[in-house]
Amino acid sequence: MSSASNTHHGSGTVNGGISFWYADEGLPTAREPLTSDATADVCIVGGGYTGLWTAYYLKKAAPFLRVTVLEQKFCGYGASGRNGGWLYNGIAGRDRYAKLHGHEAAVRLQRAMNDTVEEVIRAAAEESIDADIHHGGVLEVAYTPAQLARLKAFHEAELAYGEKDRTLHGARETAERVRVAGAVGSTWTPHGARLHPVKLVQGLAATVEALGVTIHESTPVTEIKPKHAITPYGTVRAPYVLRCTEGFTASLKGQRRTWLPMNSSMIATDPLTDEQWESIGWEGRETLGDMAHAYMYAQRTADHRIALGGRGVPYRYGSKTDNDGRTQPATIDALRAILVRFFPQLAGVGIAHAWSGVLGVPRDWCATVTLDRATGLGWAGGYVGSGVATTNLAARTLRDLVQQDSGQAGPTDLTTLPWVDHKVRRWEPEPFRWLGVHAMYATYNAADHRELTTHTANSSRLAQWADKVAGRH
Ligand SMILES: Cc1cc2nc3c(=O)[nH]c(=O)nc-3n(C[C@H](O)[C@H](O)[C@H](O)COP(=O)(O)OP(=O)(O)OC[C@H]3O[C@@H](n4cnc5c(N)ncnc54)[C@H](O)[C@@H]3O)c2cc1C
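All residue numbers for the sequence shown refer to full-length UniProt numbering, where the first residue is 1 and numbers rise by one.
Structure (structure tokens):
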């Protein structure tokens with residue numbers, strides 16, 4: 001691999017090159033591809049967090065299992081090597097699961113997510129994976145009256161899902177943590193940590209390999225059939241084939257309309273000076289977000305930068321996925337504007353890197369994990385923007401489902417969570433898919449602009465309408 005395809009935006013901004021997280025160590029050399037037909041007990045398609053955590057927990061539970069991972073490029077090529085490094089307890093679809101299965105079921109799901117943050121930190125420590133983890137919690141700020149109203153409602157909702165340790169802050173207390181310009185309030189939860197995404201995914205790949213898992217890289221799976229994962233180099237036959245391909249799922253035969261690939265984009269600044277950090281605060285290194293409809297997420301990196309993300313070019317016609325993370329100049333400018341909106345003193349700071357990655361979005365915006373007993377086919381994903389922790393819960397659940405199906409264990413606390421075996425309809429065919437997603441994003445932008453300029457305390461009706469059209473509520 002080389003980063004020769006990088007282009008530059010502005011003065012010295014690397015654009016693409018998969019992500020900033022690879023900038024220090026360079027892109028990895030791919031492991032050996034599959035060279036002929038093979039067999040396994042479990043075949044995992046996709047070498048991101050979902051696939052690798054699943055291989056990890058299966059091998060830990062049953063060391064005798066022959067587990068093979070097939071990865072089209074290299075482990076961490078997808079969102080797991082490009083994300084914002086928010087390890088936090090959010091899960092896509094919780095409110096919908098509450099409607100479908102009752103409040104108590106959703107509380108159980110939320111508790112499992114809270115525990116998952118701890119589990120990732122524990123497992124990384126146990127396996128000596130140094131992923132720059134800092135357990136500083138999650139801070140979400142409001143800087144308009146409408147955002148403050150949403151923040152308070154969000155805070156109350158999280159308490160109702162059993163989060164006893166969440167706290168609400170006014171303007172002064174918020175500024176004591178992070179001095180975000182114009183912030184009027186914030187909510188903080190301890191259930192979150194900052195991490196370096198690539199150090200985690202590469203550490204995991206090395207860990208599972210050491211446990212005896214076979215990883216073939218540069219090996220694209222073109223089709224998954226019961227007990228078969230088909231590649232140009234041969235077919236892996238296994239009683240269980242698990243699809244862990246998230247935003248790339250549409251490129252598999254028969255899966256075009258399953259999950260919509262949506263882009264998210266990020267920038268990383270040059271390292272800030274001590275004076276700049278003093279003016280900002282942020283000593284707790286909380287992951288930082290806001291309450292805008294087109295929300296932002298940011299972290300203070302271990303090497304003294306700010307990495308900040310938000311929406312990029314949302315979705316490309318025909319479910320095409322970007323391949324090297326290259327990002328449109330307009331998106332880089334928009335993210336830079338958000339950075340300066342938060343911290344005006346950073347108006348002149350250099351942007352070292354900009355990149356994009358692809359998320360998987362189901363038609364009803366609910367993450368799922370499933371093992372089909374009849375065929376042995378399993379899958380997990382549709383995490384939207386909350387997969388760094390959720391992938392770990394999905395992986396432990398897939399382990400339990402495989403163990404249950406193969407008669408090695410019974411149902412567990414995880415196999416009975418409400419997101420297991422959830423069915424959702426497919427996305428509309430083109431051009432309706434493209435038109436719908438673009439209309440939704442344009443509407444969120446308009447709603448944010450309206451709230452900023454009118455100072456209304458009511459959430460824009462436009463955004464509520466877009467939520468309905470998108471199937472989010
Ligand atoms: C820019 C960005 C920022 C994000 N920030 C956050 C965040 O801060 N916090 C958070 O919780 N979540 C965040 N997310 C989401 C999170 O990163 C993902 O939900 C999570 O990494 C998904 O992991 P995964 O293993 O399911 O998918 P991926 O990491 O995408 O892995 C899928 C893998 O499968 C491989 N693959 C795909 N198709 C095939 C095929 N046919 N054959 C073989 N291999 C295949 C791909 O190459 C890839 O390596 C972010 C995502 C992006 C893009």
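Where a beta carbon is used, it is the ideal one built from N, C-alpha and C, also for glycine. Note that the coordinates shown come from a computational prediction; the quantities given were computed from them, not determined experimentally.
Burial state of residue i, where buried means 16 or more other Cβ atoms lie within 10 Å
{"i": "Glu283", "result": "exposed"}
{"i": "His9", "result": "For His9, the pLDDT reaches just 48, beneath the cut-off of 50, and the residue's location in the model is therefore unreliable, although a value from the coordinates is still provided. It counts as buried."}
{"i": "Ser2", "result": "Residue confidence is low: Ser2 scores 36 on pLDDT, short of 50, so the model does not pin down where it sits. Its coordinate-derived value is still stated next. With fewer than 16 other Cβ atoms within 10 Å, it is exposed."}
{"i": "Ser19", "result": "buried"}
{"i": "Thr258", "result": "buried"}
{"i": "Ser264", "result": "buried"}
{"i": "Ser128", "result": "exposed"}
{"i": "Thr13", "result": "buried"}
{"i": "His473", "result": "Confidence in His473 is poor, its pLDDT being 47 and thus under 50, which makes the residue's placement unreliable; the coordinate value appears in the next sentence. Classification of His473: exposed, given that the 10 Å Cβ count is below 16."}
{"i": "Arg243", "result": "buried"}
{"i": "Thr453", "result": "exposed"}
{"i": "Thr39", "result": "exposed"}
{"i": "Val138", "result": "buried"}
{"i": "Glu163", "result": "buried"}
{"i": "Ala160", "result": "exposed"}
{"i": "Pro362", "result": "buried"}
{"i": "Lys59", "result": "buried"}
{"i": "Lys73", "result": "buried"}
{"i": "Ala125", "result": "exposed"}
{"i": "Gly387", "result": "buried"}
{"i": "His422", "result": "buried"}
{"i": "Ala337", "result": "exposed"}
{"i": "Val196", "result": "Val is not the amino acid found at residue 196; the sequence shown has His there. By the 10 Å Cβ count, His196 comes out buried."}
{"i": "Gly254", "result": "exposed"}
{"i": "His134", "result": "buried"}
Rounded Cβ spacing between residue i and residue j (contact assumed at less than 8 Å)
{"i": "Leu359", "j": "Gly325", "result": "Their Cβ separation, rounded to whole angstroms, is 13 Å, which puts Leu359 and Gly325 out of contact at 8 Å."}
{"i": "Ile76", "j": "Val213", "result": "For clarity, residue 76 is Gly in the given sequence; the question names Ile instead. The Cβ separation is near 15 Å, so there is no contact."}
{"i": "Ala302", "j": "Gly203", "result": "Their Cβ separation, rounded to whole angstroms, is 14 Å, which puts Ala302 and Gly203 out of contact at 8 Å."}
{"i": "Asn83", "j": "Gly357", "result": "7 Å"}
{"i": "Met266", "j": "Leu308", "result": "7 Å"}
{"i": "Ala389", "j": "Thr189", "result": "The Cβ separation is near 12 Å, so there is no contact."}
{"i": "residue 483", "j": "Leu398", "result": "The chain is shown from 1 up to 473; residue 483 falls before or after that span and cannot be answered."}
{"i": "Ala268", "j": "Arg305", "result": "5 Å"}
{"i": "Ala354", "j": "Asn15", "result": "5 Å"}
{"i": "residue 495", "j": "Ala61", "result": "Past the edges of the chain, shown from 1 to 473, lies residue 495, and the structure says nothing about it."}
{"i": "Ala181", "j": "Phe342", "result": "6 Å"}
{"i": "Gly48", "j": "Ala79", "result": "6 Å"}
Beta-carbon gap between residue i and residue j smaller than 7 Å
{"i": "Thr54", "j": "Ala395", "result": "yes"}
{"i": "Gly176", "j": "Gly289", "result": "Contrary to the premise, residue 176 reads as Glu rather than Gly in this sequence. Against a cut-off of 7 Å, the Cβ pair of Gly289 and Glu176 comes out as no contact."}
{"i": "Ile121", "j": "Ala367", "result": "no"}
{"i": "Gly381", "j": "Glu223", "result": "no"}
{"i": "Trp21", "j": "Thr287", "result": "no"}
{"i": "Val221", "j": "Thr231", "result": "yes"}
{"i": "His402", "j": "Tyr240", "result": "In the sequence as presented, His is not what sits at residue 402; that position holds Val. Yes, the Cβ-Cβ distance between Val402 and Tyr240 is below 7 Å."}
{"i": "Val349", "j": "Gly281", "result": "no"}
{"i": "Ala238", "j": "Val42", "result": "yes"}
{"i": "Leu417", "j": "Asp400", "result": "no"}
{"i": "Asp364", "j": "Val424", "result": "yes"}
{"i": "Thr370", "j": "Thr50", "result": "no"}
{"i": "Thr331", "j": "Pro226", "result": "no"}
{"i": "Arg285", "j": "Arg373", "result": "no"}
{"i": "Tyr88", "j": "Gly17", "result": "no"}
{"i": "Met291", "j": "Gln147", "result": "yes"}
{"i": "Leu393", "j": "Ala105", "result": "no"}
{"i": "Leu260", "j": "Trp427", "result": "yes"}
{"i": "Thr150", "j": "Glu158", "result": "Correcting the residue identity first, residue 150 is Arg in this sequence and not Thr. No, the pair does not count as a contact, with Cβ atoms beyond the cut-off."}
{"i": "Gly26", "j": "Val201", "result": "no"}
Within-7 Å CB hit, residue i to chain D
{"i": "Val178", "result": "Protein chains in the displayed structure number just one, and chain D is not present."}
Any non-hydrogen atom of ligand 3 closer than 6 Å to residue i Cβ
{"i": "Ser218", "result": "With respect to ligand 3, the structure shown offers nothing to examine, as its ligands consist of ligand 1."}
* Ranges of the beta strand (DSSP E) found wholly within the stretch 13 to 66, counting only runs of at least 3 -> Runs of the beta strand (DSSP E) inside the stretch 13 to 66: 13 to 15 and 42 to 45.
* Give a yes or no on contact between the stretch 203 to 212 and the stretch 164 to 177, applying the rule of three or more CB pairs nearer than 8 Å. => Touching, no, given that fewer than three Cβ pairs across the two stretches are closer than 8 Å.
* Could you pull out every unbroken beta strand (DSSP E) segment of at least 3 residues lying fully inside the stretch 93 to 178, listed in chain order? => Inside the stretch 93 to 178, DSSP marks whole beta strand (DSSP E) runs of 3 or more residues at positions 138 to 142 and 167 to 170, from first to last along the chain.
* Asked: When the Cβ atoms of the stretch 92 to 106 are set against those of the stretch 239 to 253, are three or more pairs found closer than 8 Å?
  -> The stretch 92 to 106, when compared against the stretch 239 to 253, does not touch it at the 8 Å Cβ threshold.
* Do the stretch 268 to 281 and the stretch 404 to 417 meet, that is, are 3 or more Cβ pairs less than 8 Å apart? -> Verdict: no, contact absent.
* Asked: Does the stretch 65 to 74 touch the stretch 30 to 46, meaning 3 or more C-beta pairs lie closer than 8 Å?
  -> Yes, the stretch 30 to 46 is in contact with the stretch 65 to 74.
* Taking 8 Å as the threshold, find out whether the stretch 146 to 165 comes into contact with the stretch 178 to 196 through three or more Cβ pairs. => Touching, yes.
* Tell me the start and end of each unbroken beta strand (DSSP E) in the stretch 253 to 313 that is at least 3 residues and wholly inside, in chain order. => Every beta strand (DSSP E) of 3 residues or more that sits fully in the stretch 253 to 313 is shown, in chain order, as 260 to 269, 287 to 290, 297 to 300 and 306 to 311.
* Which runs of the alpha helix (DSSP H), 4 residues or longer, sit entirely within the stretch 183 to 212? -> Correct list: 197 to 210.
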